[in-house]
Amino acid sequence: MPTTQIAVTAMVNGLAVGLLLFIIAAGLSLIFGMMDVLNLAHGSLFLTGAYLAWWLGGEQQTWPSLARAVVAVIVVGAAAGGLLSLMTAPLSRRSHLEQALLTLGIALVAADILSALFGDDVHATEPPPGLGGTVVIAGWTYPRYRLVLIGVAALITVGVYWTIERTSMGALFRATVSDRDMVATTGVDPRLVRVGVFVLGSVLATVAGLLGAPIYHARPGLDTTILVLALVVVVVGGLGSIRGPLVAALLFGQIESVGRAVLPGLASFLLFGTLAAVLAVRPRGLFVLTSGARR
Amino acid sequence: MTAAARTDNTTHLRTRRAARTATVIAGPSLVLAAAPLYLAPYATTTLTRILIFGLLAASLDLLVGVVGLPSLGHAAFFGVGAYAAAWTAGHSTASPMALVVAVLAAAVVSLVAGSVAVRSSGVFFLMLTLAVGELMQQAADSWASVTGGSNGLYGVPAPSLWGHVVDQPATTYWYVLTFFVLGMVVLRLASTSSPGMVLRGVRDSEIRMRALGYPTTRVKLGAFVVAGAVAGLAGGLLAAQQRLVTPADVGFTTSALALLAVVIGGTGSWWGPCLGAALVIVIRDMLGASIDGHGPLALGLMFVLVVYLMPAGIARFRARRNVS
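For the record, the sequence lines run as chains A and B. Residues in the first sequence are numbered from 10 upward in steps of one, following our numbering. Residues in the second sequence are numbered from 12 upward in steps of one, following our numbering.
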């Protein structure tokens, strides 16, 4: 394969990984940046979505099974988000360390339940007919599912961005970040906003799990891997913004994918090396929310 | 008060403090030293593991309890020590020299990692240390020629002292206990000496300490390196006891368990983290085996319960933080 084709493949792969990473990180960033809750159980939501995709579709998804899986991940994600919101509510005035310990405990319990339900095997699942296989564009061969993934993920990305930046619901979210008490005086219960943000963030994570299932394959340990990647994206992107994690996710997608093609075996070092480099230069991330009462 | 009397008084205080430290360390040490004479070999082995994990937790507590820097990647230095000791034992010497190599390697790595990490604080410190831990686990997984990859380093030779091989449960226990006490003394000195007082000052109000002219960043880095080096010692002991080092020993879960041990035991006290470590090891190794391998479930529930029901365990840390 000519060098240009390898480069194009790596960069398109990077785009797919980056967009998927953004969907995961956006949920984490919403919950962390807006509600100030460090949710270390976020990776478990992704893994739950991936297991649901396999459980409802088996090794070869069909269109009906995919539709069922979409409904299932949204319902389960919303329920899990509501539960997480309730569980972390008593800790809202306490330190990040305590929230980290609590959500870490939830992640351990979730991992144990998932492995009891689904075993310790790797569960690979293939996309439904029509989305699998490869496409050939101008002599360049590429897996079709990844192109579909780029399309769907881009739509979700635009949707999230638009919701947060352009709709009144997004304005309410941002207002709650800046001044919780002022939102309360307008007659909106900030606790409902809190539940809403948790539900949205958790649904994004389980949907990402469904989308990522054919690429990452549901397996024990994937929750931690994904969690750490999402945390890195959120930290590099800066807290409380949507643009920051988007830029960081796309950047990391490229670093991972191009890095894997150019320097195999060193890709993960590149990732954390970049993290260290960015934080050494800009300790608070690339994009920081300047307004608002962030501590 | 004359200068001579003041010196006298200071000396007296110092002697008394030293005597107290000696009693506090010697008493439990004697009880611990006699333990294998009364325990079954399996219990002795469990106690050995508790000592190792307790030393790791105590070294983490130097960061969490004394400096106020909660780290999510402390197992990185534990792992560096474990791999360094296992590699030295396998390729060069199984004498306590392997532990010296472990301590030095962990100190160097924590100096590099710490010089980036201590410049941040709060949640960014959590993230950066998490990243350091993940980086080390990746290194352990992919640098197969040195670390054995995902299989780990196995068949590590037992430690040898003057030609005598330390491979029985009881002798391994005493070997570990000796260095455990040494590590605890180092940690105790680091937190009660005058630099240790500076550390507490940094925890309570870094701005004030900086205004007083203390190089707070360098002080924090110093604590990070001491904590890393002692964690490396604990890692070296793990290699000697377990005779096997795997990437899991470096990873996130080990770091999280060490943090749990510190929080359960109560931060800022030197024996608290060891008790916490004992509880964690007992639940993971003994309870986990008896409830069909659901150790993680039990530990997870413990995390949740600790945060809800034992805010006092964490409260000391929180109350002090709120002063700033």
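Glycine included, every Cβ here is placed at the ideal spot set by N, Cα and C. Quantities reported herein were computed from a predicted structural model and do not represent experimental measurements.
- Taking a contact as a CB-CB distance under 8 Å, the pair A:Ala98 and A:Leu49 does not count as one, their CB atoms being some 17 Å apart.
- Within the stretch 220-241 of chain A, the residues whose Cβ lies closer than 7 Å to some Cβ of chain B are Thr233, Val237, Leu240 and Val241, listed in chain order.
- Taking a Cβ-Cβ threshold of 9 Å, the residues of chain B close to A:Ile115 are Gly311, Phe314 and Val315, in chain order.
- Across the structure, A:Leu280 and A:Leu272 are spaced so that their CA atoms are roughly 12 Å apart.
- Taking CB atoms only, B:His305 has a neighbour in chain A less than 8 Å away.
- The stretch 115-125 of chain B makes no contact with the stretch 64-78 of chain B, as fewer than three CB pairs between them are under 8 Å.
- A check of alpha carbon separations from A:Val79 across A:Leu126, A:Gly142, A:Val237 and A:Ala62 identifies A:Ala62 as the nearest.
- For A:Gln69, the three-state secondary structure derived from DSSP is strand.
- Residue ranges of uninterrupted beta strand (DSSP E) with 3 or more members are absent from the stretch 119-191 of chain B; none lies entirely inside it.
- Relative to the Cα of B:Ser106, the nearest Cα in the group B:Gly92, B:Val176, B:Gly262 and B:Pro39 belongs to B:Val176.
- In the three-state DSSP reduction, A:Trp63 falls in the helix class (H, G or I).
- Between the C-alpha atoms of A:Phe127 and A:Ile159 there is a straight-line separation of about 28 Å.
- Listed along chain A, the residues sitting closer than 7 Å to B:Gly133 by beta-carbon distance are His105.
- Taking 4 residues as the minimum length, the alpha helix (DSSP H) runs contained wholly in the stretch 148-198 of chain A are 153-175, 177-187 and 189-194, in order along the chain.
- If you compare the alpha carbons of B:Thr265, B:Gly277 and B:Phe314 with that of B:Ala87, the shortest gap goes to B:Thr265.
- Excluding five sequence positions before and after B:Trp281, the CB atoms of its chain that fall closer than 7 Å to its own CB belong to Ala69, Met195, Leu198 and Arg199, given in chain order.
- Close CB contacts of A:Gly86 within its chain, under the 6 Å cut and outside five residues either way in sequence, are with Ser211, Val212 and Thr215 (chain order).
- Closer than 8 Å at the C-beta level to chain A, one finds these residues of the stretch 106-130 of chain B: Val127 and Arg130.
- Around A:Ala270, no beta-carbon contact reaches into chain B at under 8 Å, the shortest distance being about 16 Å.
- Residue-level contact by beta carbon holds for B:Phe263 and chain A, with a gap shorter than 8 Å.
- Those residues of the stretch 209-242 of chain B placed with their C-beta closer than 9 Å to a C-beta in chain A do not exist.
- DSSP lists no beta-bridge partner residue for A:Val242.
- Counting along the chain, no beta strand (DSSP E) covers B:Ile294, and no H or E run does either.
- The three-state secondary structure of B:Thr227, taken from DSSP, is helix.
- For A:Leu111, a Cβ of chain B is located within less than 8 Å of the residue's own Cβ.
- Distance between A:Thr112 and A:Pro199, taken at the CA atoms: about 22 Å.
- When the beta-carbon positions are compared, A:Gly27 and A:Gly218 stay at least 8 Å from each other.
- In the structure shown, B:Leu62 adopts helical secondary structure according to DSSP, grouped into three states.
- With respect to chain B, the C-beta atom of A:Ala214 has no partner C-beta closer than 8 Å.
- For the pair B:Ala238 and B:Leu71, the CB atoms are nearer than the 8 Å cut-off.
- Counting the other Cβ atoms within 10 Å of the Cβ of A:Gly168 gives fewer than 16, which makes it exposed.
- Distance from the CA atom of A:Thr71 to the CA atom of A:Leu220, rounded to whole angstroms, is 14 Å.
- Counted as a single uninterrupted DSSP element, the beta strand (DSSP E) harbouring A:Val145 occupies residues Thr143 to Ile146.
- One Cα belongs to A:Ile235, the other to B:Gly247, and the distance between them is close to 30 Å.
- Pairing A:Trp171 with A:Arg252, the inter-Cα distance amounts to about 11 Å.
- Rounded to the nearest angstrom, the Cβ distance from B:Gly144 to B:Phe263 is 6 Å, consistent with a contact under 8 Å.
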